[in-house]
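If you use the UniProt record's numbering, the sequence shown corresponds to residues 1 to 450, in order. Virtual Cβ for every residue (Gly too), placed ideally from N, Cα, C.
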Amino acid sequence: MGKVYVIGVGSTKFDKPRGQREYDELGVEAAVKALIDAGVTYDKVETAAAGYVYGDSTCGQRVLYQLGMTGIPIVNVNNNCSTGSSAFVMAVNAVAAGQAECALAVGFERMAPGSLGSAYKDRLPPMEGTHRQLVEIENSKNYSTKETGPGAGRIFGAGGLEYCERYGAKQEHFYKIAAKNHLHSAKNPYSQFRFTPTWQEVGNARKITRELTLPMCSPTSDGGAAAVVASEAFVKANGLEDRAVEVAGWALTTDAPLLYDAKSRIELTGADMARRASKKAYAMAGIGPNDVQVIELHDCFAPNELLTYDALGLSKPGEAHHIVDRGDNTYGGKWVVNPSGGLESKGHPLGATGLGMIFYLTLQVRGEAGDLQVPNVRNALQHNLGLGGACVVSILRKPEFWKKGSTSAQRYGYNVANEVRGITKADLNKVRARQHSDYVPVKVADQARL
């Protein structure tokens with residue numbers, strides 16, 4: 001298995017669903033930015049994976065045909081909230097297996113406002129077993145099973161409650177995690193929210209479920225993100241040693257019998273998937289949790305960030321809340337967790353979320369993260385979870401052949417970490433393949449939109 005490198009990343013701003021931008025516009029903006037960052041055209045891409053949850057069967061083709069109609073394989077991916085990372089793993093695996101020298105992963109989502117819901121009313125929901133198990137567990141503890149609020153929120157809130165009951169954590173720990181993430185996002189121009197409530201204000205905000213208030217919950221979002229990955233031979237042949245970030249370890253896991261057999265609300269949150277994925281990724285990279293400096297993890301609801309500390313091995317089992325007490329999850333602490341603001345504040349467009357994490361972590365490893373930069377990053381870890389279920393953990397680091405060269409600002413024409421711009425027709429034409437149609441269904445501006 002060959003080594004794999006991220007050579008280009010791109011992202012749109014994650015924003016409140018307003019129906020103002022179509023999914024193909026979001027997807028092509030992210031892909032164009034990633035190709036510009038890599039300094040390659042779409043002609044070089046030999047296979048692509050497109051991730052989205054809400055959409056018809058070939059949305060990826062509609063997005064990528066705007067870059068060229070080169071006949072390459074384009075696979076459409078849906079793995080719930082871990083969709084973007086699943087597309088990333090498909091691209092990485094293609095390069096690692098020698099099936100391609102250069103691959104593209106793009107994720108995008110145009111979402112409806114409000115809580116997540118199924119688009120299908122005529123068939124069984126895939127997570128029926130998890131919801132049924134939650135009701136059975138709460139019945140056995142004499143909790144009310146008439147709780148209102150979004151189903152995913154009830155699951156993660158219940159998982160956090162069990163952690164408190166078993167290990168002595170407090171609701172205040174979850175409030176502090178949410179406040180920390182919102183504070184981080186104040187410096188992130190790509191973030192959907194940039195307000196900075198105190199942890200007390202988080203606790204006193206409007207209730208969404210029994211355990212969760214509004215600032216503890218990730219919003220629905222529109223957005224796109226993309227990554228170009230390549231082999232070492234491709235990197236060196238194209239002079240990309242100043243852009244390449246090694247994908248040192250990665251793993252995609254699904255649920256094991258423990259999900260149901262443990263009769264645990266913590267396990268219903270996908271904790272076991274995260275444990276197994278992180279162990280595999282650490283082993284592949286030859287490192288452990290203490291070797292990581294920066295983490296983007298799946299804080300769809302504030303309790304899941306704390307549960308994930310345990311699952312990733314950042315703490316001994318049952319001691320995750322002490323990380324919050326020590327401030328070891330923010331700047332100046334042992335790790336910086338979700339410097340982007342996390343899902344709670346940055347936003348959560350399902351198909352783009354995992355690739356958005358790769359975007360931020362690639363900038364961190366390169367030292368190009370601007371106001372979000374974590375000092376002395378050697379290893380960066382991504383954790384992206386989808387109930388039902390799938391979990392991806394990836395570890396990024398600088399390769400041994402790294403050399404400092406052109407900055408992303410020089411490639412993009414603006415500071416990619418501290419400034420958000422749309423793409424122009426000139427940007428699109430810069431990276432389009434020679435085999436392309438002049439028909440472009442999306443509206444691309446003559447001048448970059450800020």
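Residue i versus residue j - alpha carbon distance
i: Ala-256; j: Ser-315; result: 22 Å
i: Val-106; j: Ala-320; result: 33 Å
i: Pro-289; j: Thr-196; result: 29 Å
i: Leu-450; j: Arg-421; result: Because Leu-450 carries a pLDDT of 43, less than 50, the predicted location of this residue cannot be relied on, and the following value inherits that uncertainty. Those two C-alpha atoms are separated by around 5 Å.
i: Leu-361; j: Asn-429; result: 28 Å
i: Lys-398; j: Ile-358; result: 14 Å
i: Gly-149; j: Glu-400; result: 49 Å
i: Gly-39; j: Val-292; result: 29 Å
i: Gln-410; j: Leu-67; result: 22 Å
i: Asn-142; j: Tyr-163; result: 17 Å
i: Phe-88; j: Arg-243; result: 18 Å
i: Ala-349; j: Gly-356; result: A quick correction: the sequence has Pro, not Ala, at residue 349. The straight-line gap from Cα to Cα measures roughly 9 Å.
i: Glu-147; j: Met-127; result: 18 Å
i: Glu-419; j: Asn-338; result: 19 Å
i: Val-431; j: Ile-36; result: 7 Å
i: Gly-8; j: Asn-181; result: 26 Å
i: Ala-119; j: Leu-387; result: 17 Å
i: Ala-178; j: Gly-71; result: 45 Å
i: Tyr-260; j: Tyr-439; result: 51 Å
i: Pro-189; j: Ser-140; result: 46 Å
i: Glu-46; j: Val-92; result: 12 Å
i: Gly-354; j: Glu-296; result: 9 Å
i: Glu-101; j: Leu-306; result: 38 Å
i: Arg-378; j: Lys-121; result: 47 Å
For residue i, the residue or residues it bridges with in DSSP
i: Gln-382; result: Glu-296, Ser-394
i: Trp-250; result: Ser-394
i: Val-75; result: Ala-49
i: Val-245; result: Val-6
i: Thr-220; result: His-348
i: Ala-226; result: Gly-10, Val-106
i: Cys-81; result: Asn-79
i: Val-336; result: Val-294
i: Lys-207; result: Thr-213
i: Ser-231; result: Val-4
i: Asp-15; result: Asp-222
Short Cβ contact (7 Å threshold) for residue i with residue j
i: Ala-251; j: Ala-281; result: yes
i: Val-392; j: Ser-278; result: no
i: Val-229; j: Val-294; result: no
i: Leu-268; j: Thr-130; result: yes
i: Val-75; j: Asp-24; result: no
i: Val-4; j: Val-247; result: yes
i: Ala-433; j: Tyr-42; result: yes
i: Ala-417; j: Ala-369; result: yes
i: Ser-85; j: Asn-384; result: yes
i: Val-245; j: Val-6; result: yes
i: Phe-108; j: Gly-159; result: no
i: Ile-137; j: Arg-265; result: yes
i: Ala-285; j: Gly-249; result: yes
i: Gln-192; j: Gly-10; result: no
i: Gly-157; j: Thr-83; result: no
i: Arg-206; j: Leu-212; result: no
i: Val-374; j: Gln-364; result: yes
i: Asp-299; j: Leu-240; result: no
i: Gly-55; j: Val-77; result: no
i: Thr-330; j: Ala-274; result: no
i: Gly-318; j: Gly-327; result: no
i: Met-90; j: Ala-31; result: no
i: Thr-254; j: Ala-390; result: yes
i: Ala-302; j: Phe-174; result: yes
Short CB-CB distance (under 7 Å) between residue i and chain B
i: Val-95; result: Any reference to chain B falls outside this structure, which holds one protein chain only.
Span of the alpha helix (DSSP H), counted from its first residue to its last, around residue i
i: Ser-278; result: 271-285
i: Tyr-412; result: 408-412
i: Ile-137; result: 128-140
i: Ser-185; result: 171-185
i: Pro-303; result: 302-311
i: Tyr-260; result: 258-261
i: Ala-38; result: 23-38
i: Asp-325; result: 320-326
i: Phe-193; result: No alpha helix (DSSP H) contains Phe-193, which DSSP labels as neither H nor E.
i: Glu-165; result: 151-167
i: Gln-373; result: Neither: Gln-373 is in no alpha helix (DSSP H) and is coded neither H nor E.
i: Leu-64; result: 59-64
For residue i, the first and last residue of its enclosing beta strand (DSSP E)
i: Tyr-5; result: 4-11
TODO: Give a yes or no on contact between the stretch 208-226 and the stretch 17-36, applying the rule of three or more CB pairs nearer than 8 Å.
DONE: yes
Open item on the list: Would you call the stretch 189-209 in contact with the stretch 323-330, where contact means no fewer than 3 C-beta pairs closer than 8 Å?
Closed with: no
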